[in-house]
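Take the position in the sequence shown, starting the count at 1, then add 1; the result is the number in my numbering. Working notes for the structure below.
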Amino acid sequence: MLTPMDCLLSPEISIMQISSLFSLNSINMWNFLREARTRWILFIQTFSACIVRHPDPTSATQISVMLIPAYRLLVRRSKPVLKLVKTWPEGAISALQECFECTDWNMFREAATNGDSINLEEYTTSVTSYIGKCIDDVTVSKTITTRYNQKPWMTAEVHALLKLRESTFRAADKEALRTARAKLSRAIKEAKSTHARRIHGHFQDSRDSRRMWQGIEVITNYKTTPSACDSDASLPDALNDYAWFEAQNNIAVRTIPPPNDQVLCLSTADVKRTLCRVNPRMSAGPDNIPGRVLREYAEQVVDVFTDIFNISLSSAIVPTCHKTTTIIPMPKKSTVSCLNGYHPIALTPIMMKCFERLIMRHIKTQLSPSLDPLQFAYHLNHSMDNAITTTLHLSLTLLDNKDTYVRILFIDFSSAFNTIIPQHLIEKLSLLGLNTSLCNWILDFLTERPQSFRIGNSFSSSTTLGTGAP
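So this is what it looks like as structure tokens:
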């Protein structure tokens with residue numbers, strides 16, 4: 002076994018053997034110091050040791066020990082994460098509301114009108130761009146730095162006082178340093194109290210399971226490691242060219258509506274009800290209009306959105322800005338070996354999601370009588386629970402008979418929504434009784450859809466699709 006004196010006397014001892022002797026073992030270090038009987042300057046840490054010995058051990062009066070820390074702090078091992086966020090300063094909500102209330106929304110319609118026709122693309126794009134410009138005027142973009150060991154109760158005030166304490170310490174101003182320390186102590190105490198009250202608020206309503214789980218995650222300091230995509234700049238284009246979808250479907254033939262065809266007309270109340278139900282945490286689409294704006298200012302924007310929706314339904318045309326999709330690839334596993342290892346997450350404008358909900362509600366009411374009674378998907382007032390209950394009931398009823406058995410076949414279609422042929426879908430919807438004008442609108446919605454991939458700040462080139470659903 003290697004002893005401390007072997008390190009001093011044997012010239013064949015390697016540095017790796019010396020390091021293994023002292024690594025994470027303070028008892029061996031102190032034994033070595035006692036036997037060496039020399040003067041030492043030590044920095045006591047969790048360390049591994051590397052010894053530099055004089056060529057002639059008999060003439061050496063001092064042995065130098067270089068202590069190399071074997072443990073790196075987590076904050077130094079984990080790089081800080083920079084994130085660009087939009088903040089809403091004080092007074093921004095009231096300023097944006099006043100801006101929308103003073104806006105003459107009819108001027109966008111008049112600017113897009115040419116004789117008796119309305120350019121729906123120009124009308125929609127101008128309204129969307131105007132809303133985005135108003136949001137940018139009242140919000141402030143900030144780059145925040147998040148570190149692994151960042152305290153959950155840390156606030157901007159505490160951070161500013163920490164900088165003040167450091168500056169007064171470097172200036173050697175005792176009175177200012179004493180004052181800065183007192184203010185920092187009070188601010189930390191107040192921040193911790195506020196954070197504790199915030200955690201207690203997660204458990205006030207036992208019916209809100211989401212907030213309860215958020216409180217548990219904060220208490221246990223549970224942090225998930227998000228899967229990161231490759232930083233290769235060519236990856237977005239490679240994914241966009243990859244065969245996520247079937248070959249292009251360029252056959253999109255519209256049907257001329259009959260004279261008695263009734264065009265769907267949405268009411269202002271229905272549109273407002275849908276806007277007020279928007280999830281404020283929903284990710285914004287390519288238009289960068291957040292869900293909280295559509296929800297909080299539904300009263301101000303409901304009239305112009307209702308007008309755009311009804312013009313779209315009457316002309317059976319969906320604006321291109323509403324059909325544009327940005328896809329975020331998410332790795333299925335921690336390590337990705339091929340392009341098929343990514344799961345595409347499609348982001349579409351939230352305003353279009355509201356439009357889709359309104360159309361879907363109408364389609365469900367129209368098709369419910371013609372659907373199979375044993376179909377539960379897209380059936381009004383039906384869900385997966387009904388399918389499970391019906392299957393168990395039929396199976397157990399048959400098994401009650403003597404010498405019987407039940408066979409169940411489960412079929413999962415691969416990429417079912419990505420391989421939809423719009424023309425075939427429209428033909429089936431027409432056979433189920435859906436009116437021609439709405440079928441033409443769905444056909445336009447599913448064809449000529451611009452799509453691009455985004456990874457971080459890198460975008461792929463745009464591809465126009467005519468197959469599948471966003």
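Where a beta carbon is used, it is the ideal one built from N, C-alpha and C, also for glycine.
Distance between beta carbons of residue j and residue i, contact taken as under 8 Å
i    : j    : result
T126 : P81  : Actually they do not touch by this definition, with Cβ atoms about 38 Å apart.
A347 : T321 : Wrong, their Cβ atoms sit about 16 Å apart, outside the cutoff.
D304 : T269 : 7 Å
R450 : L466 : 5 Å
A181 : T156 : The pair is not a contact, with the Cβ atoms about 16 Å apart (cut-off 8 Å).
L97  : Y298 : 7 Å
Extent of the continuous alpha helix (DSSP H) to which residue i belongs
i    : result
V272 : 269–277
F356 : 351–368
V264 : Run containing V264: none; DSSP gives neither H nor E here.
V485 : There is no way to answer for residue 485, as the model of the chain reaches only from 2 to 471.
C185 : Rather than Cys, the amino acid found at residue 185 in this sequence is Leu. Taken as a continuous stretch (DSSP letters only), the alpha helix (DSSP H) holding L185 covers 175–202.
V159 : 157–171
F85  : The residue you asked about is not Phe; residue 85 is Leu in the sequence shown. Premise fails: L85 lies in the beta strand (DSSP E), 82–88, not in any alpha helix (DSSP H).
F101 : 93–102
K429 : 423–432
P153 : It is not in any alpha helix (DSSP H) - P153 carries neither H nor E in the DSSP assignment.
T437 : 437–447
W214 : 210–221
A234 : Here A234 belongs to no alpha helix (DSSP H), and DSSP marks it neither H nor E.
G292 : 292–297
F418 : Careful: F418 lies outside any alpha helix (DSSP H) and carries neither H nor E.
A112 : 107–112
Residue range of the beta strand (DSSP E) that includes residue i
i    : result
K143 : 141–147
I456 : 450–456
T464 : 464–466
Cβ-based neighbour list, residue i, same chain, cut-off 7 Å, excluding 5 preceding and 5 following
i    : result
K334 : G342
V264 : L314, S315, S438
R296 : L276, C277, V279, P281
L372 : H380
L1   : This structure cannot speak to residue 1, because the chain is shown only from 2 to 471.
A239 : L340
N289 : G133
H203 : R212, M213, Q215, G216
A470 : F418, I421, L447
Q301 : Q98, F101, E102
A177 : T169
C-beta atoms of residue i and residue j nearer than 8 Å
i    : j    : result
S142 : K190 : no
F446 : K324 : yes
T349 : T420 : no
S461 : S453 : yes
D271 : L359 : yes
C266 : N311 : yes
R455 : P291 : no
L85  : T129 : no
P153 : V219 : yes
F306 : M352 : yes
Y131 : S79  : no
D308 : R110 : yes
V254 : W442 : no
Close Cβ partners of residue i (< 6 Å) along its chain, the five nearest in sequence each way excluded
i    : result
D262 : N436, T437, S438
A113 : I119, N120, E123, Y124
C100 : C135
R293 : P281
P423 : L444, L447, T448
T385 : The residue you asked about is not Thr; residue 385 is Met in the sequence shown. If we look at M385 and ignore the five residues flanking it on each side, it has no Cβ neighbours.
S463 : P451, S453
Chain-order list of residues whose beta-carbon lies under 8 Å from that of residue i (same chain, five-residue window excluded)
i    : result
T140 : K87, T88, W89, P90, A93
K184 : L162, L165
C440 : T256, I427, L430, S431
H344 : P330, M331, P332, K333
A188 : T156, E158, V159, L162
T366 : L381
- Any beta strand (DSSP E) of 3 or more consecutive residues that is wholly inside the stretch 311–342: For secondary structure counted as the beta strand (DSSP E) over 3 or more consecutive residues, the stretch 311–342 holds these complete runs in sequence order: 326–332.
- Message: Threshold first: 4 residues or longer. Then list the alpha helix (DSSP H) segments lying entirely within the stretch 382–410, N to C.
- Response: Runs of the alpha helix (DSSP H) inside the stretch 382–410: 385–400.
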